[in-house]
Amino acid sequence: MTTSNFVKEGVFSYCDTGPPASTHQYTTIFILHGFAWHAGSFQRLAAYADQAKARLILMNRQDYPAAELLGEEDLSLLSPADPRDMAAALASLRTFMKRQGNRLIDFVELIIDKEKLPPPDGEYGGVIISGWSFAGNWINALLANVNTAHPGHSKLRRHLRRVIIYDLVYIFLGYAPPAGAYNPLQDDSLDPEKKTLTFAAWVSGYYNHGESVTELEFKAPLASPAPTILTMSEEDRQSVLHPMPGDAGGSDMKLFENGIRCGLYRTLKEDALYLKDGASEATGGPTTDDSWRDIEVLYLWCDRSVWELPFGVRMFKKELAKAKEGGKAMRNIKFSRMRGSNHFAHWDEPEKLLRKFLAPADDLE
Numbered sequence: 001m002t003t004s005n006f007v008k009e010g011v012f013s014y015c016d017t018g019p020p021a022s023t024h025q026y027t028t029i030f031i032l033h034g035f036a037w038h039a040g041s042f043q044r045l046a047a048y049a050d051q052a053k054a055r056l057i058l059m060n061r062q063d064y065p066a067a068e069l070l071g072e073e074d075l076s077l078l079s080p081a082d083p084r085d086m087a088a089a090l091a092s093l094r095t096f097m098k099r100q101g102n103r104l105i106d107f108v109e110l111i112i113d114k115e116k117l118p119p120p121d122g123e124y125g126g127v128i129i130s131g132w133s134f135a136g137n138w139i140n141a142l143l144a145n146v147n148t149a150h151p152g153h154s155k156l157r158r159h160l161r162r163v164i165i166y167d168l169v170y171i172f173l174g175y176a177p178p179a180g181a182y183n184p185l186q187d188d189s190l191d192p193e194k195k196t197l198t199f200a201a202w203v204s205g206y207y208n209h210g211e212s213v214t215e216l217e218f219k220a221p222l223a224s225p226a227p228t229i230l231t232m233s234e235e236d237r238q239s240v241l242h243p244m245p246g247d248a249g250g251s252d253m254k255l256f257e258n259g260i261r262c263g264l265y266r267t268l269k270e271d272a273l274y275l276k277d278g279a280s281e282a283t284g285g286p287t288t289d290d291s292w293r294d295i296e297v298l299y300l301w302c303d304r305s306v307w308e309l310p311f312g313v314r315m316f317k318k319e320l321a322k323a324k325e326g327g328k329a330m331r332n333i334k335f336s337r338m339r340g341s342n343h344f345a346h347w348d349e350p351e352k353l354l355r356k357f358l359a360p361a362d363d364l365e
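The working numbering puts the first residue of the sequence shown at 1, with every later residue one more than the last.
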């Protein structure tokens, strides 16, 4: 999938598989890519869309192929003037993510109108919005700010079946790493210019993890199945990788590093997933629009992914259990486990993943 396959709309670019030939009643799935991989990563899903009665909108975020580049004002939000002022840095990055969430909402509503997408009707119709890995932050940004740009977003709410946080890294849930943790992006022994490509090989491996946090494999993927990127031809890699935003000084890298430093991800998660009747005194977070309180949030995870994913889901389940015991109001969060799958299920097991995206709420595990 090349840049020529993408059409710019608003600040995003996208590739549309179009309506299924077999039916006028179908579900539309908007999918956002992760860190240094563009929407071409999802191209293998397209072969199964028609039989699944699905239409796929494969989206490129800003600074990725054919999408709008981030402007000076946005970039300034990613690089706070005084990095020592954590409160100011957090406010700056929250503003950046609020804009991103609102732009995502505006894009989906625009496509709903432009393409006259069918609303939910029984098993099919409506839209699903999924963010893979790093783009799970865009799903949280949408949920955190859904009632702030155009109050209610009634058009999107009428069409929305669920949002999907697909294989989110523990860092983006606001957790500290366990002892012995490893990530090439934080390995100072690596050449900064090579970190992104080293990361791509590491993150696309298959790992044998136990069922507890103490049984995670941090560094060494299995020889078989091989890491996904090593099974790709050079042409395949060129059709899915876009390392510049993830390189040193790139926009994704700035968001990644500065977000960790100032505590953005925990704040964003709490604003997105915990319901509020009034603005949060601690974070200034938005109130929750009643029409959005019951929207389904599907946390989809792959159990042979790099350790950062199974660790994150275990910590997240513990957090939610504790919050429930404490009487905290939460969104309608459900979990779905892809057994035997790695972080690149959309490439290695596209049909299986598409079924998970579309599975009824009572048939997710």
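Heads up, the beta-carbon is just placed ideally off N, CA and C, and yes, glycines get one too. Since the model is a prediction, treat every value here as computed from it, not as a measurement.
Close-in-space but distant-in-sequence residues of the same chain around residue i (CB under 7 Å, 5 per side omitted)
{"i": "Leu90", "result": "Cys262, Gly263, Leu264, Thr267"}
{"i": "Ala361", "result": "Glu296, Lys334"}
{"i": "Phe357", "result": "Ile29, Ile128, Ser130, Ile164"}
{"i": "Val203", "result": "Val306, His343"}
{"i": "Gly284", "result": "Its pLDDT being 49, under 50, Gly284 is placed unreliably by the model, and the measurement read from it follows with that caveat. Counting only Cβ-Cβ distances below 7 Å, and skipping sequence neighbours, we find nothing."}
{"i": "Pro19", "result": "Tyr26, Arg55"}
{"i": "Lys328", "result": "Tyr274"}
{"i": "Thr198", "result": "Pro184, Leu190"}
Rounded separation between residue i and residue j - CA only
{"i": "Asp252", "j": "Phe316", "result": "24 Å"}
{"i": "Leu156", "j": "Gly125", "result": "13 Å"}
{"i": "Lys194", "j": "Lys53", "result": "41 Å"}
{"i": "Arg84", "j": "Tyr182", "result": "26 Å"}
{"i": "Ser13", "j": "Ile111", "result": "12 Å"}
{"i": "Thr27", "j": "Leu56", "result": "9 Å"}
{"i": "Leu230", "j": "Ser224", "result": "11 Å"}
{"i": "Glu351", "j": "Asp82", "result": "47 Å"}
{"i": "Ala49", "j": "Ala88", "result": "44 Å"}
{"i": "Ala282", "j": "Leu275", "result": "Any reading at Ala282 needs caution, since the residue's pLDDT is 40, under 50, leaving its predicted position unreliable; the model's value is listed next. Going from the Cα of Ala282 to the Cα of Leu275 covers about 14 Å."}
{"i": "Ser92", "j": "Leu78", "result": "7 Å"}
{"i": "Met86", "j": "Gly180", "result": "27 Å"}
{"i": "Glu115", "j": "Ile105", "result": "15 Å"}
Residue i and residue j closer than 8 Å at C-beta
{"i": "Asp167", "j": "Cys15", "result": "no"}
{"i": "Leu298", "j": "Ile164", "result": "yes"}
{"i": "His24", "j": "Asn60", "result": "no"}
{"i": "Gly101", "j": "Leu142", "result": "yes"}
{"i": "Asp294", "j": "Asn332", "result": "yes"}
{"i": "Thr214", "j": "Gly246", "result": "no"}
{"i": "Ser239", "j": "Gly40", "result": "yes"}
{"i": "Ala248", "j": "Pro192", "result": "yes"}
{"i": "Asp63", "j": "Phe96", "result": "no"}
{"i": "Val169", "j": "Glu9", "result": "no"}
{"i": "Ala417", "j": "Leu241", "result": "As shown, the chain starts at 1 and ends at 365. That puts residue 417 outside it, with no answer to give."}
{"i": "Ala135", "j": "Gly34", "result": "yes"}
{"i": "Val11", "j": "Arg103", "result": "yes"}
Where the beta strand (DSSP E) through residue i begins and ends
{"i": "Trp132", "result": "127-132"}
{"i": "Met338", "result": "332-338"}
{"i": "Trp301", "result": "296-302"}
{"i": "Val213", "result": "No beta strand (DSSP E) contains Val213, which DSSP labels as neither H nor E."}
{"i": "Ile29", "result": "27-32"}
N-terminal and C-terminal residue of the alpha helix (DSSP H) that residue i is part of
{"i": "Ile229", "result": "228-231"}
{"i": "Leu190", "result": "Careful: Leu190 lies outside any alpha helix (DSSP H) and carries neither H nor E."}
{"i": "Trp307", "result": "No alpha helix (DSSP H) holds Trp307; DSSP gives it neither H nor E."}
{"i": "Ser92", "result": "86-114"}
{"i": "Thr267", "result": "264-273"}
{"i": "Ala21", "result": "Note, Ala21: premise wrong, no alpha helix (DSSP H); not H, not E."}
Close Cβ partners of residue i (< 8 Å) along its chain, the five nearest in sequence each way excluded
{"i": "Gly340", "result": "Asp303, Arg304"}
{"i": "Met330", "result": "Leu273, Tyr274, Leu275, Leu320, Ala323, Lys324"}
{"i": "Met338", "result": "Leu300, Trp301, Cys302, Asp303, Ala345, Glu349, Lys352, Leu353, Lys356"}
Own chain residues within Cβ distance below 6 Å of residue i, not counting five before or after
{"i": "Leu353", "result": "Ala345, His346"}
Inset, instruction - Taking 8 Å as the threshold, find out whether the region 320-338 comes into contact with the region 168-185 through three or more Cβ pairs. - result: no
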